[in-house]
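Let me begin by presenting the structure, written as structure tokens, before commenting on it.
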Amino acid sequence: MISIPTNPLSDGARSVVRRLTKEGFTALWAGGCVRDLIMGRAPKDFDIATSAVPDQVERLFPRAVTVGKSFGVVRVRVQTHEYEVATFRKDQAYRDGRHPEGVVFTDEQTDALRRDFTVNALFLDPLTGTVRDYVGGQADLAARLIRAVGRADDRFAEDHLRMLRAVRFAVTLDFKLDPATADAIRRHAPQIEKVSAERIQQELTRILLEAPQPGAAIELLQTVGLLPVILPEVSALRGQEQPPQFHPEGDVWTHTIMMLNAMHPRPSSLADPSSLGQAGGQPDLRLAYAVLLHDVGKPGTAKFVENRIRFDCHAGVGAALAEEILKRLRLPNDDIKAIAFCIGNHMRFMDVQRMRKATLCRLVGAPTFATELELHRLDCAASHGDLTNHTFLTAFLAARRAEPVLPKPWVTGHDILPLGVTAGREIGRWKQRVYDAQLEGLVENREAALAWLRRELAAAGR
């Protein structure tokens, strides 16, 4: 017997089952919600499997919406919650490595045998609390194993994306892959390239954001042969040596894995610099991909100079390469630009204590700075361990907590034009110079800034 929590989401799902059962149909909770309940986790949604066909479901629930009638799927709304109600079915042949050509309505046991992994193929009667297990899913839950239902080769040949899903379930649930299932993934790994980039990216993003140890997740993707297919540039980090005086941890791969495993959520605000790098919650998507890809430029720039390996310009090369990778994965353009910017900028942090105040203000005033600073912290912590520059920057921010890092400019282009500067590019250059003077504290107000500008223009013969 499974203890079922009482809340609006589960109550609505239970009411759907009760209505179907009252009309003489078999109706059960199915899939991930059953797995989560057995594990003592709160399900995020509830799916219902039933002997009722879509037309019968629609007659019982007037607010039902058909989303895949030919596949037996109907969405039922109860108050503010929606539930997917699917008829017990058997899939017909898969031709594209993702979707069956059709389905045949059948019974619950046959339905269980078509599912991906044993831990996702369990049914639960919420009216009695009884679990129905036709595939050994409860034993695999107890053993913390992700095992394909039936022959793993068949499951992965049917739907290639299941290989990535197997890894995601293993790393997010802190389970192990069943050895036979892992071997089948290795055999079928090259087929993952046939899956759309959007679906690969969705699974990869969930792995990076939901896995307690994202680095271990990337290592598992490498072990089962998926990483060399979907991210060969990251796989190529393995064995790339680094100078031991800066990277005592080892090669670029080890460094990246350590950073991923240490990821913490990006702070929501820079108002409290002390919050930067604190643990708890979920990593930020931009931070996760910036960490994963921050050193992809190293293999292509590695060279030995004076008995020491160097990676000159690797940040810029890496930013361009990261942009290509993220476009290939179909990330949103705003995210691509922000991530590439963070990667291209990540070596600037070694110079922060020598920067002019104006340059420093522009650095910390960038929209991406919270991500950049956390990337820098992780980079240092996973290598030489020197956080001096991180401490300097958080102190710099703390000292300016009550004022914007980049204040509104006192002088605009409209102020410069009457002073005899008419070319647009020249106006921009002088506007930047007077704003630098403002940031440096060389002028105290708008009047002083205008006076400074007139003096500088006169000195320049303008």
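Numbering (our numbering) for the sequence shown: 15 to 476. Just so it is clear, CB atoms sit at the ideal spot from N, CA and C, and this is done for glycine as well.
Residue i in three-state terms, based on DSSP
i: T101; result: strand
i: Y303; result: helix
i: T124; result: helix
i: R322; result: strand
i: A250; result: coil
i: K186; result: Note that residue 186 corresponds to Thr in the displayed sequence, not to Lys. If DSSP states are grouped into helix, strand and coil, T186 belongs with the helices.
i: T144; result: strand
i: Q292; result: Only weak support is given to the placement of Q292: the predicted model assigns it a pLDDT of 40, under 50, and the question is left unresolved by the model.
i: F410; result: helix
i: L159; result: strand
i: L178; result: helix
i: S283; result: Because the pLDDT at S283 is just 44, under 50, the model does not fix this residue reliably, and the value given afterwards should be weighed accordingly. Of the three classes helix, strand and coil, the one that applies to S283 here is coil, per DSSP.
i: H360; result: coil
i: K371; result: helix
i: K208; result: helix
i: L218; result: helix
i: K36; result: helix
i: L245; result: coil
i: F131; result: strand
i: L401; result: coil
i: K317; result: strand
Residues sharing a beta bridge with residue i, DSSP
i: T80; result: V88
i: T64; result: A41, T101
i: H95; result: V92
i: L191; result: I160
Host alpha helix (DSSP H) of residue i (start-end)
i: A336; result: 328-342
i: L471; result: 460-473
i: D168; result: 166-172
i: F383; result: 383-395
i: I232; result: 228-237
i: N275; result: 266-275
i: V448; result: 438-454
i: R49; result: 46-52
i: H428; result: 427-430
Residue i classed as buried or exposed, judged by whether at least 16 other C-beta atoms fall within 10 angstroms
i: G229; result: buried
i: N359; result: buried
i: L431; result: exposed
i: S17; result: exposed
i: M364; result: exposed
i: M53; result: exposed
i: C327; result: exposed
i: R460; result: exposed
i: F260; result: exposed
i: N275; result: buried
Enclosing beta strand (DSSP E) for residue i [first to last residue]
i: L138; result: 137-139
i: F119; result: 117-119
Rounded C-alpha distance that separates residue i from residue j
i: A412; j: D349; result: 27 Å
i: A56; j: D25; result: 13 Å
i: E37; j: A250; result: 59 Å
i: R200; j: D154; result: 21 Å
i: P76; j: A27; result: 16 Å
i: R213; j: L340; result: 13 Å
i: G253; j: S210; result: 30 Å
i: G264; j: L420; result: 39 Å
i: E152; j: T64; result: Position check: residue 152 holds Gln in this sequence, whereas Glu was assumed. The alpha-carbon atoms of Q152 and T64 are separated by roughly 21 Å.
i: N21; j: L141; result: 15 Å
i: P246; j: T101; result: 41 Å
i: S29; j: D125; result: 22 Å
i: T186; j: P258; result: 33 Å
i: E217; j: Y148; result: 27 Å
i: R129; j: M177; result: 13 Å
i: D69; j: R32; result: 18 Å
Residue-level contact to chain B via CB, residue i, 9 Å cutoff
i: A162; result: Here there is only one protein chain, and chain B is not present.
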